[in-house]
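Structure first, commentary second.
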Amino acid sequence: MKLLNITLLIVQRVFEFFGGISQYIARTIASLRFIKLIYKPIPTDVFIVTYPRSCTTWMQMIIYQLISNGDLEFNHIGEKIPFFERIPFSNIRLKGLPNPRIFKTHLPYDKIPKGKCKYIYIMRNGMDVVLSYYHFYKSYLKYHNNFDAFFKKFLDGKLQSKSWFNHVLGWYKVKENENVLFLHYEDLKNNFDATIVKISNFLGIELNKDKLKIVKQNSEFDFMKNYEEKFDHANEILLTMGIKPKNFLRKGTSDYGKIEFDDKKIQLFEKKMDEIFKSKTIAKI
Ligand code: A3P
């Protein structure tokens, strides 16, 4: 393993040296090295797993509030719960992380490191996801096409995070594993307290009324929106790139499906779900 890591590191450095498109290959190698060779799961590790725009940030805040008893003294939530895939490109070092190590990730089930650690998967209504992702692409990735074009890419799994359908399905299949907790964004919205109890039990965190109150208060949408810079550390960079910040926590509701989709889009969406999920038991999509 060590030899393989060193060999890959040398190859990575060579690609880095050439720059341009080689840079992309270097990043892929760095990422592979980190996920497959450098990171070793330990039982106390926790992964918050989502397809983008499914309330990753909210869950980061909830879990951090649970373990820290309401601490707000951080510049960005990513300092406390880092983005796993980006670690090799950041100044975060695995060795410097406190225990338990909690990560945010968008990795699909087949790509995530497997171990005795815990995985909390959050699924959000797909039509809310596609709309939220569209606004994210427009605000942060300079996407200029219209929603119809974006929607097609989403259905075809041609976005940065590939197919939402396969992502959900992959994790849904292992939802009964004892180290997996499969949740719905909609549960958090409609049944916050009970969901927090579930999360605390799963993670073995003590919960009492006072703590629940703090967690609830500090993770409410309006509260987080007020401190948006703590959740969107890209603000400064984005501004210098001419990209519009203050759009990360956009609305935080779950009924776009009914409001913004015409019948044709709903039919296309449902057809795709039937095709991929092959069962109606994956509820609340
Ligand atoms: P909208 O774009 O629909 O508003 P992620 O963190 O995975 O990127 O997900 C972002 C989505 O979660 C955004 O959805 C954001 O508003 C929503 N969100 C973040 N914090 C929230 C909170 N405290 N309550 C409800 N929704 C929240």
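Per the numbering used here, residue -14 is the first one in the sequence shown, and the count goes up by one each step.
Even glycine gets a Cβ: it sits at the ideal position worked out from N, Cα and C.
Every value quoted in this text rests on a predicted model; they were computed, and no experiment measured them.
Three or more C-beta pairs closer than 8 angstroms, one from the segment 199 to 213 and one from the segment 43 to 53: is that the case here?
-> yes
Less than 7 angstroms between the CB of HIS120 and some heavy atom of the ligand A3P, yes or no?
-> yes
State buried or exposed for PHE254, treating a residue as buried only when at least 16 other CB atoms are found within 10 Å of its CB.
-> That one is buried.
Going by other Cβ atoms of all chains shown within 10 Å of its Cβ, with 16 needed for buried, is MET(-14) buried or exposed?
-> exposed
With TYR122 as the anchor, note down where its alpha helix (DSSP H) starts and where it stops.
-> 111 to 125
Any heavy atom of the ligand A3P closer than 7 angstroms to the Cβ of ASP195?
-> no
Taking TRP156 as the reference, give the member of ASP141, ARG109, ILE251, LYS236 with the closest Cα.
-> ARG109
PHE32 lies in the beta strand (DSSP E); which residues open and close that run?
-> 31 to 35
With contact counted as at least three CB pairs below 8 angstroms, one residue from each stretch, are the segment 127 to 138 and the segment 68 to 75 in contact?
-> They do not touch, by the three-pair rule.
Cβ-based burial, LYS263 [other Cβ within 10 Å; buried from 16] | exposed
Can you say whether TYR9 is buried or exposed, counting buried as having 16 or more other CB atoms within 10 angstroms of its CB?
-> exposed
May I have the straight-line CA-CA distance separating ASN(-10) from LEU192, to the nearest angstrom?
-> 42 angstroms
To the nearest angstrom, report how far apart LYS269 and MET258 are at their CA atoms.
-> Residue placement at LYS269 cannot be trusted, given a pLDDT of 48 that sits under 50; what the coordinates show is reported in the next sentence. Their backbone Cα atoms lie some 12 angstroms apart in a straight line.
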